[in-house]
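I have placed the structure first, in the form of structure tokens, so that the comments after it can refer back to it.
Residue numbers (the UniProt record's numbering): 1 to 734.
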């Protein structure tokens, strides 16, 4: 592989103008297509194989025109202090507002609270459920405006009016902090390279890759029914890996120049060696992201594949556009002092911080290992209290109308009213559907934690009924989850006695099923992703213990990251510092998503740092010397890469979308743990303890495994043979 990439780098350097123009044309074409696209993001979450999804699909089939996936708005009214909503004036205001809402062109139904019975006992709080015939993103500005105008009219009349539900949902925003993350990355690059041009190359290429990725995602959003979070995730991952991959190639190019190679040869060598590491690092990230498909949740699969596509594009850009831009930049890629004194000035002088740190770890290997493992173990402790759930209005900031509406309903009707369960009675095979529905309702009323069960509502055919169950507990509580399981346990007896099939759905039941499905998928996902990556790393490092150590180090860092997420987002530690206005259960998608992303990114640093050690070991250095060499050449650039990733991910903590905020924080803290504790401390300590055994590979495996030459050994040998034949120094070849 190193030889092939060596040729690719030289080709891109020679044809730099053509390569740069081709990438610009691709970016322009993708951007133009995105600018003219009218695609809208999907709000539909399908969870194949779950009971909640089966019931949802049954309702769509048996209750045509009901639009169970349509947007909803809960308009909540509260009377002024000392008054009641039943007072003639207040009642008239509520009636007028509901009547105005019902006339909306996209409104399917809006029922007066006094007719629907959604007024609390004290007549101080009431709500109407407004249903629409389209999803939240399908609603027009006029429809949203009418909803907000209705609330304003009620407030002007002296009532407290708040709006919950998803009707006012907007696309997530990331704010200025995302840009700040990129600015910090630029500063880190400038400090690392000491050249504005060298610092600009990774940024420019990363932006090209992200621009193309996000544009393609935008164009395909409606066709593939992509979620609104997908382009943000692709931006997050694409920026981070795009900058890092380009950074490693530029850094290696400057190192090759410092060794006396001519620019053309230095580009080839950098692309052949660092480029090989980029390819395999990218493969581990792609495996981790594409592996999300095993969970069998379409939205997660699509997000993973879209982000994986962004990573593939980042690799292609780094391998082709970076060599081309290096050719266009010329000597400006070096600091001014080196342009004046010569490239060999780089790396001269006293040992760098990486070398000094490597010697420190070698001297105190056991202590460093124990402190690193124990420290991450302590941070991981909160993960034992991990509680999962899907976000609802209770997770909104307290100053939002959605959160105030949620609190008012909980105050007036009990917390369970915010998360009703929809029990579907499929009585098509029952001899007496009416009796089956009545028996189901009676059984539900007897269960613990049930506040109310409404009378059954039948479809037009009379063979399917819906019963709304209001729990006593909040939607995200363990008690409500237990109630869902209890209803499902009771369903078997109902089927035996009536012949009707009983299913539970609704947003709360869907969240419970999603959490269960993700829990069930986590172990198979880990086995698949870690197993494939382990095989890949065995091929790269030609060792068994190094990949094993890499996988164990990853598990340590990801559990510690989960512990930090729980401490901040669930327990509320340092919540104000990170802008977390409301604590609660961790999003169900978070653990498996964090595992997938962190594993891929963690392997980046493993590949970049340890391949340099492997390269030194293959070329004759002792195990201890190879560790020092790896840190001398790689510590500075790995540190810069980690700081860049942390900056980019931390920039997304400012997002208004709780999932993006949580993922941004989780990834930033995970990279911090993995890069600076696991890869920079625990890894060299373990390698120092293992010595030569770290690079042991059974002979049968050695004969079977392909030699991908990621450290460039065969490339170096080939170039040396050419030099011997031509009697020319490598740096003199054009």
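Quick reminder that beta carbons are idealized off the backbone N, C-alpha and C, glycines included.
| Item | Value |
| --- | --- |
| Beta-carbon proximity of residue 20 to residue 324, cut-off 7 angstroms | yes |
| At least three beta-carbon pairs within less than 8 angstroms, the segment 189–204 to the segment 604–613 | no |
| Beta-carbon contacts of residue 134 that lie in its chain and below 8 angstroms, excluding the five residues immediately before and after | 67, 70, 71 and 106 |
| Supposed contact pair residue 353 and residue 550 - C-beta distance, whole angstroms, cut 8 angstroms | Incorrect: roughly 24 angstroms between the Cβ atoms, too far for contact. |
| First through last residue of the alpha helix (DSSP H) which encompasses residue 74 | No alpha helix (DSSP H) holds residue 74; the beta strand (DSSP E) holding it covers 72–78. |
| Short Cβ contact (7 angstroms threshold) for residue 299 with residue 227 | yes |
| Segments of 4+ residues assigned as alpha helix (DSSP H) that fall wholly inside the segment 358–423 | 365–379 and 401–413 |
| Helix, strand or coil at residue 471 according to DSSP, with G and I counted as helix | strand |
| Backbone CA spacing between residue 734 and residue 4 [nearest angstrom] | In this predicted model, residue 734 has a pLDDT of only 40, less than 50, meaning its place in the structure is not dependable enough to derive any value. |
| Rounded C-alpha distance that separates residue 696 from residue 48 | 45 angstroms |
| Reduced DSSP secondary structure (H/G/I, E/B, other) of residue 758 | Residue 758 lies beyond the range of the chain shown here (1 to 734); nothing can be said about it. |
| Through-space distance from residue 247 to residue 337, alpha-carbon basis | 21 angstroms |
| Exposure of residue 89, with buried meaning 16 or more beta-carbon neighbours within 10 Å | exposed |
| Buried versus exposed call for residue 446 [16 or more other C-beta atoms within 10 Å across all chains shown] | exposed |
| Residue 649 to residue 14 span [Cα, whole Å] | 35 angstroms |
| Identity of the residues DSSP links to residue 125 by a beta bridge | 78 |
| When 614, 540 and 285 are compared against residue 705, the one with the closest alpha-carbon | 540 |
| Under 7 angstroms between C-beta atoms of residue 671 and residue 646 | yes |
| Three-pair Cβ contact test at 8 angstroms for the segment 569–578 versus the segment 204–213 | no |
| CB contact check: residue 615 to chain D, cutoff 7 angstroms | The structure shown contains no chain D; it holds only a single protein chain. |
| Near the ligand MN: residue 89 beta-carbon under 6 angstroms from a heavy atom | This structure lacks the ligand MN, and indeed carries no ligand of any kind. |
| Terminal residues of the beta strand (DSSP E) in which residue 501 lies | 501–505 |
| Cβ neighbours of residue 184 in the same chain (closer than 7 angstroms, five flanking residues each side left out) | 647 |
| Alpha-carbon to alpha-carbon, residue 528 and residue 623 | 31 angstroms |
| Three-state class that DSSP yields for residue 457 in the structure shown | strand |
| Inter-stretch contact at 8 angstroms, needing at least 3 Cβ pairs: the segment 309–323 / the segment 271–289 | yes |
| Proximity of residue 168 and residue 130 at Cβ, strictly below 7 angstroms | no |
| Rounded straight-line distance, which links the Cα of residue 1 to that of residue 347 | Bear in mind that the predicted position of residue 347 carries a pLDDT of just 48, short of 50, making it too unreliable to give a figure here. |
| Contact set for residue 386: own chain, Cβ-Cβ below 8 angstroms, skip 5 residues either direction | 562, 566, 570, 586 and 591 |
| For residue 652 and residue 73, the rounded distance between their alpha carbons | 28 angstroms |
| Coarse secondary structure for residue 708, derived from DSSP in three states | coil |
| Straight-line Cα distance separating residue 319 from residue 9 | 7 angstroms |
| Cα-Cα separation between residue 57 and residue 51, rounded to whole angstroms | 10 angstroms |
| Identity of the residue in 593, 553 and 468 nearest residue 519 by Cα | 593 |
| Residue range of the unbroken alpha helix (DSSP H) whose run includes residue 279 | 263–290 |
| Own chain, CB closer than 8 angstroms to residue 532, minus 5 neighbours either side, in chain order | 287 and 291 |
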